[in-house]
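To keep things clear, I will list the structure first and then write my remarks on it.
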């Protein structure tokens, strides 16, 4: 294969490799855009929907939260286990360092009586040293009617935390950190938690309100089109370069072998020729 043909083939292979790679990267970003768009629609549909009893969405504590029920508002009555309050670490709120306040609620109505539902009641800022927290507002005492937005139980965190604190809203870890032991024969704990929306009666001192979830679609769609533009550009650009290589090679024609240079006679050659002439 001639050199210009080899270069043209190499450029075409490079164009194909770049085109395929950029196409798959664009598809990956497109799938992320579709997933994020579905999350936004779910939040917009559920976040402000009318509350329903907890049992209407999760009949038994052992059940998982249906995917389409995330952020739905539910109502439940019960009493807080204030002595089992646990703080969630490393969850900034609006760029401000703070702790989420997690309190187990023993259900009396609206769900499975006797079951435990972990409630994220709000947040408190960190102390002056950025670590300690003092003066956490207490939840209402006695029977309380609570409206919460349901969230799935988070995966347990492998990181350690100080006593009374957790690194994730994993129901099992929250109850362990709060030293909550379900009574014998009780239904146990729900495998979900609720973000506080309202309490009745209202507490004397309120916590910081949890912010609404973000509905920013992100840049996945624009990234997808950028990758696909790169794919098309690489195919067009390197194909044009390969074509130019072939055209330049054809215009040059077959390689011309350089003429052999005639060697000048040496002194020995001249002497031999003179002797031959005299003898001849």
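In the numbering used here, the protein residues as written are 9 to 288.
Where a beta carbon is used, it is the ideal one built from N, C-alpha and C, also for glycine.
task: Have a look at residue 305 and residue 161 and give me their C-alpha separation to the nearest angstrom.
output: For residue 305 there is no data in the structure shown, the boundaries of the chain being 9 and 288.
- request: Spell out a yes or no on whether the segment 121-135 and the segment 39-57 are touching, meaning 3 or more CB-CB pairs, one atom from each, closer than 8 Å.
  value: no
query: Residue range of the alpha helix (DSSP H) that residue 179 falls in?
result: 179-185
message: Need the endpoints of the beta strand (DSSP E) that residue 82 sits in, please.
response: 81-88
field: Counterpart residues of residue 249 in DSSP-defined beta bridges
entry: According to DSSP, which records beta bridges pairwise, residue 249 is partnered with nothing at all.
message: For a test of the three-state rule: what should DSSP assign to residue 37, helix, strand or coil?
response: helix
query: Using DSSP with H/G/I as helix, E/B as strand and the rest coil, what is residue 151?
result: coil
field: Nonlocal neighbours in the same chain, by C-beta distance under 6 Å from residue 195, ignoring five residues either side
entry: 69, 120, 122 and 123
message: Using 8 Å for Cβ pairs, my map puts residue 289 next to residue 109. What's the rounded Cβ distance?
response: A question about residue 289 goes unanswered here, because the residues of the chain that appear run from 9 up to 288.
task: With DSSP as the reference, label residue 132 as helix, strand or coil.
output: strand
- prompt: Which residue's Cα is closest to the Cα of residue 103: 134, 75 and 87?
  reply: 134
message: Could you check whether residue 223 and residue 101 sit closer than 8 Å to each other, using their CB atoms as the reference points?
response: no
field: Beta carbon of residue 172 nearer than 8 Å to that of residue 95
entry: Their beta carbons are under 8 Å apart, which means residue 172 touches residue 95 by this criterion.
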